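**Student:** Count along the sequence shown from 1, add 336, and you get the number used in the numbering used here.
Where a beta carbon is used, it is the ideal one built from N, C-alpha and C, also for glycine.
Since the model is a prediction, treat every value here as computed from it, not as a measurement.
The structure that follows is given in the form of structure tokens.
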Amino acid sequence: MVQRIREAWASFAATRPGAAQFFVFTVLSNGITVLQLALMPIFRWIFSFTALAATDFQVLPLGTNEEGSTLYLFDYAAGELPLGGGGLAYFLAVQITLAIAQFLNFFAQRNITFKSNTNPWIAAAWYTLAYAVITLIAAAAQGLYRAPIYGFMIDTLGWGATGETVADVITMIINSAISFWVFYPIFKLIFRRTPEEDVHSSQAVSTTSAAATRPSE
Numbered sequence: 337m338v339q340r341i342r343e344a345w346a347s348f349a350a351t352r353p354g355a356a357q358f359f360v361f362t363v364l365s366n367g368i369t370v371l372q373l374a375l376m377p378i379f380r381w382i383f384s385f386t387a388l389a390a391t392d393f394q395v396l397p398l399g400t401n402e403e404g405s406t407l408y409l410f411d412y413a414a415g416e417l418p419l420g421g422g423g424l425a426y427f428l429a430v431q432i433t434l435a436i437a438q439f440l441n442f443f444a445q446r447n448i449t450f451k452s453n454t455n456p457w458i459a460a461a462w463y464t465l466a467y468a469v470i471t472l473i474a475a476a477a478q479g480l481y482r483a484p485i486y487g488f489m490i491d492t493l494g495w496g497a498t499g500e501t502v503a504d505v506i507t508m509i510i511n512s513a514i515s516f517w518v519f520y521p522i523f524k525l526i527f528r529r530t531p532e533e534d535v536h537s538s539q540a541v542s543t544t545s546a547a548a549t550r551p552s553e
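Structure (structure tokens):
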């Protein structure tokens, strides 16, 4: 049975490599999302024992809201959600969770999905840049939906702590969805696979050049 599945997958991957690659990317991304869903509440619980939730984290002003208050790119006002913005505790919980997830995602997608054999340091540099840009985009989007989601789950539905956990899950799913659709085309660019013969040729040229420039004894 297992052998049949392997053969069927090998045949599918050979005939439709793009679809197979996207399927593997989706499976790994969903696995990373599950990890994020588990880590987010844990970090929020850890930070609940600190004063970080009472610490404002409102940086990079973009303008003003309709009521006249300042609009921040990272808007985490002091106080527990939904009355406050979660403060520095919420910001750190989100960012630490995303950082761990994306660190694991880099190696999983590079080695398993795209089987890239190009320079890993160059790929890591581009990946870090993409991660920073996507973090800014996700932060701007979260400023629009975070408070309404928590308010609806905790106050409107009256779910209390359960509603807060459900809101955690929803916000992380939205973050993961943004990352999913933005990262795939980026991965296609930075996780390229050079044909093996080209790699061997480059290595041979480097070896020959080194030998030619080595002083004779």
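How many Å lie between P377 and P531 at the Cα?
**Tutor:** Cα to Cα, P377 sits roughly 43 Å from P531.
**Student:** Under the DSSP definition of a beta bridge, which residues are partnered with T406?
**Tutor:** Paired residues: T400.
**Student:** Among F427, P456, E343, Q445, which one has its Cα closest to the Cα of N366?
**Tutor:** It is Q445 whose Cα lies nearest to the Cα of N366.
**Student:** Per the DSSP calculation, Y520 is bridged to which residue(s)?
**Tutor:** In the DSSP output, where bridge partners are listed per residue, Y520 has none listed.
**Student:** For my contact list, G479 and M489 are in at a C-beta cut-off of 8 Å; report their separation, rounded to the angstrom.
**Tutor:** About 18 Å separates the two Cβ atoms, so there is no contact after all.
**Student:** For R352, count neighbouring C-beta atoms within 10 Å of its own C-beta (all shown protein chains included) and say buried if the count is 16 or more, exposed if not.
**Tutor:** Label assigned to R352: exposed.
**Student:** Tell me, please, whether the region 354-371 touches the region 410-422 by the rule of three or more beta-carbon pairs shorter than 8 Å.
**Tutor:** Flag = no, the region 354-371 and the region 410-422 do not touch.
**Student:** Go ahead and pull the three-state DSSP assignment for D411.
**Tutor:** Correct three-state label for D411: strand.
**Student:** Between F527, T400, I509, which lies nearest to T454 when the distance is taken from Cα to Cα?
**Tutor:** When only C-alpha atoms are compared, the closest one is F527.
**Student:** Could I get the ranges of all uninterrupted alpha helix (DSSP H) runs contained in the region 454-488, with 4 residues as the minimum, in chain order?
**Tutor:** Counting only runs of 4 or more, we get 456-487.
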